[in-house]
């Protein structure tokens, strides 16, 4: 039981050390940086142009759908790399190949659904 809790203590100590390093870096930055606030520095900066209007802007829902599609295909890429490494292992070839076809089938179904809904048109 002692070794069981010892591993948790080790993780807690590593978190404390990591937090101390981050806090020390932020504190050193605050102590060493010059601080000369002026009215020009405190204004809102927006691509070199003075901000006009309110801070609220509406976006078309299509851009959110593009984001979700990107996330789906990024996750696809994340799953393909471990699959490619285990595929060459002894005894896993047929099983992992079948699993990958199922996975790619789900992705193809999602892509077909997005295409049928007209999400992939750039209008």
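In the working numbering, the protein residues as written are 1071 to 1193. From the three backbone atoms N, C-alpha and C, an ideal C-beta is built for every residue, glycine too.
Straight-line gap, residue 1093 to residue 1133 (C-alpha atoms, nearest Å) = In the chain shown, residue 1093 corresponds to position 23, counting from 1. In the chain shown, residue 1133 corresponds to position 63, counting from 1. The alpha-carbon atoms of residue 1093 and residue 1133 are separated by roughly 37 Å.
query = Where residue 1162 and residue 1171 are concerned, what is the direct C-alpha to C-alpha distance, given to the nearest angstrom?
reply = Counting from one through the chain shown, the residue named residue 1162 turns up at place 92. Counting from one through the chain shown, the residue named residue 1171 turns up at place 101. Cα-Cα distance, rounded: 14 Å.
task = Can you tell me which of the three DSSP states residue 1166 falls into?
result = One-based indexing of the chain shown puts residue 1166 at position 96. Three-state DSSP puts residue 1166 in a helix.
key: Of the residues 1136, 1151, 1152 and 1164, the one placed nearest residue 1191, counting alpha carbons only   = Taking the chain shown and counting its residues from 1, the one referred to as residue 1191 is at position 121. If we check each option's Cα against that of residue 1191, 1136 comes out closest.
inquiry  = Am I right that residue 1166 and residue 1173 are in contact with their C-beta atoms under 8 Å? What's the rounded C-beta distance?
reply    = In the chain shown, the residue the question calls residue 1166 occupies position 96. In the chain shown, the residue the question calls residue 1173 occupies position 103. Residue 1166 to residue 1173, Cβ: 10 Å. No contact.
query = Cα separation between residue 1154 and residue 1086?
reply = Taking the chain shown and counting its residues from 1, the one referred to as residue 1154 is at position 84. Taking the chain shown and counting its residues from 1, the one referred to as residue 1086 is at position 16. In a straight line, the C-alpha of residue 1154 is about 37 Å away from that of residue 1086.
key: residue 1168 to residue 1146 span [Cα, whole Å]   = Position 98 of the chain shown holds residue 1168. Position 76 of the chain shown holds residue 1146. Near 16 Å, if we compare the C-alpha coordinates of residue 1146 and residue 1168.
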